[in-house]
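So the structure is just underneath, and the comments pick up after that.
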Amino acid sequence: MSDEMVEDFSTSHLPWRLDVSRGSVLEHKTVHLGEAWAVDSRLGGMAGRRDAPQIRRTDGEYVAVLLVRRGTETFTQHGRRAQVDAGTAVIWDGVRPGECVSGQDLVKTTFFMPRDLCRDTMPHLDAIVARTVPDSPSLRLLFSWLQTSTSTEDLDGTAAATAGHVAVDLLTSAIGASSNVVLDTRTIRLMEIRTFIDAHFGNSELTVDTIASANAVSTRYLHLLFQETGESCRQYLMRRRQEAAHQLLMSATGLSITEIAHRCGFDTPSSFSRAYRAAFGLSPREARNAQRQT
Numbered sequence: 001m002s003d004e005m006v007e008d009f010s011t012s013h014l015p016w017r018l019d020v021s022r023g024s025v026l027e028h029k030t031v032h033l034g035e036a037w038a039v040d041s042r043l044g045g046m047a048g049r050r051d052a053p054q055i056r057r058t059d060g061e062y063v064a065v066l067l068v069r070r071g072t073e074t075f076t077q078h079g080r081r082a083q084v085d086a087g088t089a090v091i092w093d094g095v096r097p098g099e100c101v102s103g104q105d106l107v108k109t110t111f112f113m114p115r116d117l118c119r120d121t122m123p124h125l126d127a128i129v130a131r132t133v134p135d136s137p138s139l140r141l142l143f144s145w146l147q148t149s150t151s152t153e154d155l156d157g158t159a160a161a162t163a164g165h166v167a168v169d170l171l172t173s174a175i176g177a178s179s180n181v182v183l184d185t186r187t188i189r190l191m192e193i194r195t196f197i198d199a200h201f202g203n204s205e206l207t208v209d210t211i212a213s214a215n216a217v218s219t220r221y222l223h224l225l226f227q228e229t230g231e232s233c234r235q236y237l238m239r240r241r242q243e244a245a246h247q248l249l250m251s252a253t254g255l256s257i258t259e260i261a262h263r264c265g266f267d268t269p270s271s272f273s274r275a276y277r278a279a280f281g282l283s284p285r286e287a288r289n290a291q292r293q294t
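UniProt numbering numbers the first residue of the sequence shown as 1 and each following residue consecutively.
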């Protein structure tokens, strides 16, 4: 098995750093379903990590659901570890670090969705990542639907997009049927505040104090909500600005660096440059030049 095969497999699932048993099988098939896509795969023993370097290489923000058809995979993210056996699933967030490991003979389907779509269909995303989604009628339908969608050779663009939307609806139903997702008041409040930040980080006047005020909580309580996540409110706000700026910088938008800084909530180009370098190790101009040369 060549390094190129491992890299191709890894990239089909968003960039990962994989350690695959070289003597084992490694197969995958990708089918695009509108904005979403599904990857059928079969592999032997492997261990994978998705950290900051792989997240930086990702073009866009996505959420994935891993459905195991045969074998077992263990997935770790957001301080949780889920064992995913045949007939069950797990959801993982493409903007967060994660780890996965499996033994021999794993057959799975991974379905990827734009993260913006999940904010509407799965508003409590933080509470459900890395939790096993157990067997249910809705999950069995999702397994069957994705198998049909990925094996149909003549899907046109409209049919493919419809298949993707149906898959999202079935996933939402499967999550709703799961008893593993228990939301307490603080978890819900934290997710509401994160959603507020995601919608308003482009405002350069948004600060920890204004976030607390707009959400009718004290600054102290805001810090308390974020404490268990391992990331402060200020850090979350900065990360969302950095990630959005990186996506604009890497895409062919035609926006200048100053325009990107303004759009993502940085009050000056110099503050943007410092924040971008701190996150990605390059200045915005260096990163854009490197992208153009690839």
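For each residue, glycine too, the CB sits at the ideal point set by N, CA and C.
Under the three-state reduction of DSSP, Cys264 is assigned to coil, being neither helix nor strand.
Counting the other CB atoms within 10 Å of its CB gives Arg220 a total below 16, which places it among the exposed residues. Going by DSSP, Val101 is part of no alpha helix (DSSP H) but of the beta strand (DSSP E) stretching over 98-102. In the DSSP assignment, the residues bridged to Met46 are Val20, Ser102. The alpha helix (DSSP H) runs of length 4 or more contained entirely in the segment 240-293 are, from start to end of the chain, 257-263, 269-280, 284-293. A straight-line Cα-Cα distance of about 11 Å links Gly44 and Thr72. The C-alpha of Glu259 is placed about 40 Å away from the C-alpha of Ser173. For Ser283, same chain residues with a beta-carbon under 6 Å away, outside a window of 5 residues either side, are Ser273, Arg277 in chain order.
In the DSSP assignment, the residues bridged to Arg80 are Gln77. Counted as a single uninterrupted DSSP element, the beta strand (DSSP E) harbouring Ala64 occupies residues 62-70.
Counting along the chain, the unbroken beta strand (DSSP E) around Leu33 starts and ends at 26-33.
Between Ala52 and Gly164, the C-beta gap is not smaller than 7 Å, which leaves the two residues out of contact.
Using a Cβ-Cβ distance cut-off of 8 Å, the segment 123-138 and the segment 155-162 are not in contact, since fewer than three pairs of beta carbons, one from each stretch, lie closer than that value.
Within the same chain, and ignoring the five residues on either side of Asp126 in sequence, the residues whose Cβ sits closer than 6 Å to its Cβ are Met191.
Counting only the Cα atoms, Arg239 lies some 10 Å from Phe201. Pairing Trp92 with Ala47 gives a Cβ-Cβ distance that is not under 7 Å. With distances taken between CA atoms, Asn289 lies nearest to Ser256 out of Ser256, Asp85, Gly103. Phe226 is not a Cβ neighbour of Ser218, given a cutoff of 7 Å.
In the three-state scheme derived from DSSP, where H, G and I count as helix and E and B as strand, Phe143 is classed as helix. When the five nearest sequence neighbours on each side are left out, the beta carbons in the same chain lying within less than 7 Å of the beta carbon of Asp267 are those of Ser204, in order along the chain. Assigned with DSSP and collapsed to three states, Val168 falls in helix.
Counting the other CB atoms within 10 Å of its CB gives Ala216 a total below 16, which places it among the exposed residues. Looking only at Gln247, Thr152, Arg140, the smallest Cα-Cα distance to Leu67 is reached by Arg140. Non-local C-beta neighbours of Ala38 in its own chain, meaning closer than 8 Å and more than five positions away in sequence, comprise Thr30, Val31, Thr109, Thr110, Phe111, Phe112, Leu146, Ser149, Thr150, Ala167, ordered along the chain.
About 5 Å separates the beta carbon of Arg49 from that of Glu99, a gap short enough to meet the 8 Å contact definition. Partner residues in the beta bridge of Ala89, as assigned by DSSP, are Leu67, Val133.
No Cβ-Cβ contact shorter than 7 Å links Leu222 with Ala214.
Residue nearest to Met250 within the set Asp105, Ser271, Arg285 is Arg285 (criterion: CA-CA distance).
In the DSSP annotation of this structure, the continuous segment of the alpha helix (DSSP H) that includes Arg220 starts and ends at 219-227.
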